[in-house]
Ligand code: NA
Ligand code: NA
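Protein chains in written order, with the numbering used here: chain S, 1 to 139; chain A, 1001 to 1766; chain V, 2001 to 2119; chain U, 3001 to 3499; chain D, 4001 to 4155; chain L, 5001 to 5089; chain W, 6001 to 6115.
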């Protein structure tokens, strides 16, 4: 059972992209202003959670498209890999490697930023995995 | 020497294979290994008699000064010969005794394993190496006593033997370590030279006591003798070998081995002699009271072990000579007796003297072996037992200050043993034949050993000078740590000792004659016997289990609240004590509180109280949320926007979690009685006070900020980020974060798995 | 000048919020209370955010303030709808002065089609 | 590649875990990845120990940020030894799991959880940063929580509630202590903390926090009176899980205690050592008595973990180099032996269908070789020479006697006798006596996945016993390092830092 | 869709406070991506939007809000006895999700009214009013007020 | 300066509102009423963030407001769903 | 303010400890939640609370200049918060399943695995 109603459905439709955009905003600027992968991931998860609450698990699953645990694996993989290049080059694990010039909008890119992206994915994935499992169980 | 030990170990591990491959011949083939070694050791006689001890040694645990060292002197050699010689016979015997029994391979393996350990024990020249082999004999004896493991009695006896000797062994280990400390070396053959140093050392007495404990338990000295009769649950060849000829002598061996280092002191004399004499008498009395031949023999063994201990305790030239002679002869006759009794049991189906009789005709060879050995036990000339007894009579005169007492005691002991010997020798074979009509002579495997041993006893008695002296003299020398001359003649002439022997035999004869009546007369006293140390052991074990149960009921009672109370209480008590006893709490520096801040603080406190007082889960969750939001606001107010953002987001998602789970959760209930509330409340308040004090004390210390300052300086310059907290998380301390997201991943995996994997879907896992 | 305007916006907003809170206490049933909070609180918060956006005067801050306001306007009525519906379905009582409840009649018909046939 | 050595034991299992997670649709590949990852971990650990034994320390500053600002991974001999044993245990249990964990559990992340557990354990051993140690504990704990509860049987859940609650409490104490230490000393790097506290910063608070950490780590190590969670839970999950828990988890607690009290908190040794010694004695005694009251295979073993932890802590309390060597040796021995005993318990269950002692029996009669395979670890645990446990006990007893702690030593010896009692009880009940009813698999051959690890671990136990010399030398070099914290500090912070 | 993407791009620029073309492009790209992502959600958007009528609509709405808040203030501060609340069933001419939602939201945000629920056949909106003369009066107000205006802008 | 004073006063007013909302939260009497109180609290929180940002001179508080607006809404919806499904109070 | 926070933390601890010792399984969960909040606040306080603003390098500056609040405890707390979230989710599910499997919320009744 869901909270389905035209009102909530429409609200969800509006809020989902907006919230996700906000989560990307938090992720992108986290290195320089409050934000980052954690809170970004949490906010993104909140967006999907709203869908879950209003339209049910299946709708949220379709929306997310991938299995949340795959998202977790991908995030962990990203985070782990962001530390590897220097290791393979004989340096210390997780030594930051940066592009020389900052890009517009997203700013300077480097392996720590990639790491933050990994964090974002993991956080999003785990919240969704937990919520999906709970919602499934609830039926 | 290591080679010979390894050879036996190898034979042990190959025994099952050998039995499978060779069938019936396996017993003899396996016996060839100790037999060969016996021959090898016989070959060593010459050089050892000439005073040339051979030695080999490797580093084992160099860091502790422990060496895998072996040393072959007279004492070791005597034992080595007994171990390998009797060992070979017993293996042959065992193959016959257990013919057709599927457990035979196991028997052979265990016996060979034991043999290896025993050989190692007597050859070892390092205290720890000796201990290693010592314990291995205990372990293998455990498996052998419990050979009939389907029977509860066998299992219990095996455990009892292991427990008693194991306890002694541990004491001995400590004693050996202390001895090593006092002597500065663990090398046994070097201890004698350090006698003065050892005996003057403050650790001398504790070391002595602990070592004696080990020796006494192993050699079944009073009051630890009770495990030995129990060990008769083992098959006869095991009893013959372990519990008469070899293992129980390990304690005697140790005492003899340490005599040069520890012997001669008053403490040594009193303790060892007292133990020996008491055991001698106790064993004899108890032996006389038996009707089961095997138990009877077991108690005579106890008595003999007492005799040996007594002799070692006397620690003179005569006593050394007597000890070694007695050791040798006892091994021969007692092994033969056990094996013979085994044969009787095997053929007649009983070992009760009251049910046996007239078997001599059916089992002539067995009868010969048993009678010859029993007479040797009784000390009748011209058997070697008589020679040993003569030596004993001489030696006991030298008991310091208590010669008369000891003489008297040993006289009665010997008389009782002689009577027992009579029971063993006469009752089964002569007189009226009882029910065992079908009994006939045992197969060769069963009579070969006893007969050979008996013959050896006779031969030694007849030609002691040429046969026994080469064995006894080097052994006595080694035991005394100085060259000792032993002269032996078959007939020592009319000496006071001879008179004593005759008197003792006469007394024995009388006792034998009145045996049945004495037993009947003493029957009412049997209950008394149950009050012995065996009873003490039983009570100890029962007490142990009762204590264990009581402790478990008290500690591991399954009540989580109590676990938490104890855990929290421990933390608060310990850390609280440390804090309040060491840190003076000063009033914190000012800084002022703004109204808004105070309001937030108040809200949090109210929230916390509301959580406690909440009567429904939802109110509890909401109140907890209030506290969480309060924390977030505090973060926000004091410069932690990242924290605040995250905390707000997490709080909300937590609410979501609770809401999804909650409907299935029970309402909050008051379950504990008021007394528990009070108790827990006390601990909780103490915990809260401690934390407050801790925060105050910690924040009152000067604020060291090397990390903070370095991060502030390097965040942008070196790590390209202006948000220092985030840079710490993804760069400076990214390794933490890696771990953290791993935790999250696992948590999610766990939630999903737990909810989806229902027990009913699950196939059985191991 | 800006300062005064900011202060005014903040105070006005805060006043509306307080009003909402007062309504939450004073009004007699769930639905009336929600009528108060869903409007006054949203407006109050928006005014305050507008004040804050004005105060900093940068595009970044102002933009963010606007986003928050938009967000509030999007979410507040939805939340009110969700609670109101839930409250009604759980039977949160109407104030006795309520003059009509056309939803109950409809609900009753929906839940009990038999009766509708009779009617 | 040498430079990467200290981090490989964390990365390899972590990568394996991710691979197992990603391979959720390919069960066979997942199993292969699990064992392959375990092999790699063992190799990495062996390489690390080889390197560290020669070079004394291997230090990696993660992210190339200098200590104490970044996170340091530090392998001294003690840590490297434990990592190697983690590799050994990991491989043994990974193989054993193939034959003992059901497909449904596997499909729900068993292999992933298992390797995360190993990663957490290695991380705990290798980190040189106190907060990172907290994180490592959490990684390990979270994985253990799930492994414990996975399957959802009632007993598992009941055990898990206690396990989780008490371990969370421990984490809480740990976190508070770390936070407060930062507030007092301004640093989190263990070497830097050692140096700072050595210089006399807030001595009273330092002792307070030492006590708090003693409790936190004591809970993980399961010492008296903080061990309740262990006997309540260790017998509930599948055997492979019990085995890896029994082998490794409490040892991480012991490791943390050793690290904390040899490196960081040396302000009041007379107080803390006496305290630890007292804890050790009570731990030994209560553990072994607890076992005496049990009549279920794994419950007996679980209580013995507690008891044996007492031995390890005893070495720490005695605090001499020899005693610390004893602790190291004992840890090495115990990890192998305890893991193996639990694995043997699995074999017993496989044969008998249960682990309740009253329903078992007859294994010695029907499978004597297997029975003897039990005796190796069992006797080793009881300290029967020349198996590994004997040497561990010997070193500790000798250290106790050298230190003049006669009563403590006597108790330690008595406890080993009671351990023997318990082991023979298991032997009596499960192997010697006639079973009340025949087990389910009387005539089937044991799968090699189950037997292989048991044989291998038993072989290690025997080998360590016979070749105790080199092993003790290694332990004693590790003990010497532990007794000389200044070297550790300089290895992490640079020459001259210890002053 | 394009309009929504544009709105999201504006939102991005507002969030970042960055009016540069790069930000606009990025915002647009992100917006399109997010809308694509949200597509499976389904639901009915507006049939069309008459942009030129939007400002008038917004003004009307703002006025209503101010008025409604003053009314609420009066209601809160006045004694409760003066209230005449009712739950009224309002028949709907609107039938798209977005339209119904918008109407409901507007009702909630304005004059003493609150949308409680939509009937399952989506033909009736249940509205709670703080103070109304009669249910019919309320129905008429809504039909001629917001509903008419929504039809003007979005049809 | 004026702005700061205004902010402080605003905070005081909102604080009073928070107290009142708490009263409703505690008094209930039913779940829905409590949820309304929580919902109002989050709105008040946004107000606090807004006024706080002026008082502290830190626009970061507006980010907090944004997160609050977003997630608090989610919490309310969650409670509503809980309530509709007959959850215990 | 530090003193006030110390008191608040102490109260949170006291309340949390008291709750976890209750027999009700739900109170246990709530108590652990309180303890988590308290621990986070405590660590945060160890950075010496100050109203000096967030540790963010202002645009244009090369490095952070005092005064600012200590970022290290903040990073630690952030890590701890997120870990607690995972733990809490797991704990909730565990408790739910334990409740379902045992049919009771009384922790005293969960004693079949001991003794
Ligand atoms: Na553990
Ligand atoms: Na153990």
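We put the beta carbon where it would ideally sit given N, CA and C, even for glycine.
Original post:
Is the Cβ of residue 6053 of chain W closer than 8 Å to any Cβ of chain L?
Top reply: yes
Subject >> Cβ separation of residue 3435 of chain U and residue 3360 of chain U, assumed to be a contact under 8 Å, to the nearest whole Å >> reply: 6 Å
Subject >> Alpha-carbon to alpha-carbon, residue 2108 of chain V and residue 2119 of chain V >> reply: For residue 2119 of chain V, the predicted structure reports a pLDDT of 37, less than 50, and the residue's modelled location is therefore unreliable. The matter cannot be settled from this model.
**OP:** Would you verify that the beta carbon of residue 34 of chain S is, or is not, closer than 8 Å to some beta carbon of chain A?
**Re:** yes
Original post:
Just the Cα atoms here: how many angstroms apart are residue 1 of chain S and residue 12 of chain S?
Top reply: Any answer about residue 1 of chain S is weak, because its pLDDT of 48 lies below 50 and its placement is not dependable; what the coordinates show is given next. So the two alpha carbons sit approximately 17 Å from each other.
**OP:** Would you tell me roughly how many angstroms separate the C-alpha atoms of residue 4009 of chain D and residue 2064 of chain V, rounded to the nearest one?
**Re:** Looking at the two C-alpha atoms, the distance is approximately 14 Å.
**OP:** Compute the Euclidean distance between the alpha carbons of residue 1134 of chain A and residue 1126 of chain A, then round it to the nearest angstrom.
**Re:** If you draw a straight line from the Cα of residue 1134 of chain A to the Cα of residue 1126 of chain A, it comes to about 12 Å.
**OP:** Could you name each continuous beta strand (DSSP E) segment of 3 residues or more that falls completely within the region 1368-1412 of chain A, going from the start of the chain to the end?
**Re:** Listed in chain order, nothing qualifies, since the region 1368-1412 of chain A has no complete beta strand (DSSP E) run of 3 or more residues.
Original post:
What three-state label does DSSP hand residue 4091 of chain D in the structure shown?
Top reply: strand
**OP:** Along the alpha helix (DSSP H) that carries residue 3112 of chain U, what are the first and last residues, could you check?
**Re:** 3110-3126
**OP:** Please state whether DSSP places residue 1638 of chain A in a helix, a strand or coil.
**Re:** coil
Original post:
Any heavy atom of ligand 3 within a distance shorter than 7 Å of the CB on residue 1760 of chain A?
Top reply: In the structure on display, ligand 3 does not appear, and the ligands it does have are ligand 1 and ligand 2.
Original post:
Buried or exposed: residue 1389 of chain A, going by 16 or more other Cβ atoms within 10 Å of its Cβ?
Top reply: buried
Subject >> Contact with chain S by residue 1731 of chain A, beta-carbon distance below 8 Å >> reply: Closer than 8 Å to some Cβ of chain S, the Cβ of residue 1731 of chain A qualifies, so yes.
Original post:
Ends of the alpha helix (DSSP H) at residue 133 of chain S?
Top reply: 111-138
Subject >> Within chain W, partners of residue 38 of chain S - CB distance below 8 Å >> reply: 6078 and 6082
**OP:** Taking the CB atoms as reference points, tell me whether residue 1119 of chain A and residue 1255 of chain A lie closer together than 8 Å.
**Re:** no
Original post:
For residue 1292 of chain A, which residues does DSSP report across the bridge?
Top reply: Residue 1292 of chain A is bridged to A:1352.
Subject >> Partner residues on chain V for residue 7 of chain S, Cβ-Cβ distance less than 7 Å >> reply: 2078 and 2081
Subject >> Residue environment, residue 1348 of chain A, which counts as buried when at least 16 other CB atoms sit within 10 Å >> reply: By the neighbour-count rule (16 or more Cβ atoms within 10 Å), residue 1348 of chain A is buried.
Original post:
Could one say the Cβ of residue 125 of chain S lies closer than 8 Å to chain D's Cβ atoms, at least one of them?
Top reply: No, because no Cβ of chain D sits closer than 8 Å to the Cβ of residue 125 of chain S.
**OP:** Can you tell me which of the three DSSP states residue 6042 of chain W falls into?
**Re:** DSSP places residue 6042 of chain W in helix when its eight states are reduced to three.
Original post:
Along chain D, in chain order, which residues have C-beta atoms closer than 8 Å to that of residue 104 of chain S?
Top reply: One finds 4020, 4022, 4023 and 4026 in chain D with Cβ atoms closer than 8 Å to the Cβ of residue 104 of chain S, taken in chain order.
**OP:** Taking only beta-carbon positions, decide if residue 44 of chain S is within less than 8 Å of chain V.
**Re:** no
Subject >> Sequence-distant residues of its chain with Cβ nearer than 8 Å to residue 2115 of chain V (five each side left out) >> reply: Because the pLDDT at residue 2115 of chain V is just 49, under 50, the model does not fix this residue reliably, and the point stays unresolved.
Original post:
At which residue ranges does the region 1427-1502 of chain A contain complete alpha helix (DSSP H) runs of 4 or more residues, listed in the order of the chain?
Top reply: 1444-1462 and 1469-1480
Original post:
In the DSSP assignment, what are the bridge partners of residue 1669 of chain A?
Top reply: None; residue 1669 of chain A has no bridge partner.
Subject >> Rounded straight-line distance, which links the Cα of residue 6017 of chain W to that of residue 3497 of chain U >> reply: 41 Å
Original post:
For residue 1366 of chain A, which three-state DSSP category applies?
Top reply: helix
Subject >> Inter-residue Cα distance where the pair is residue 1511 of chain A and residue 3411 of chain U >> reply: Rounded to the nearest angstrom, the two C-alpha atoms are 47 Å apart.
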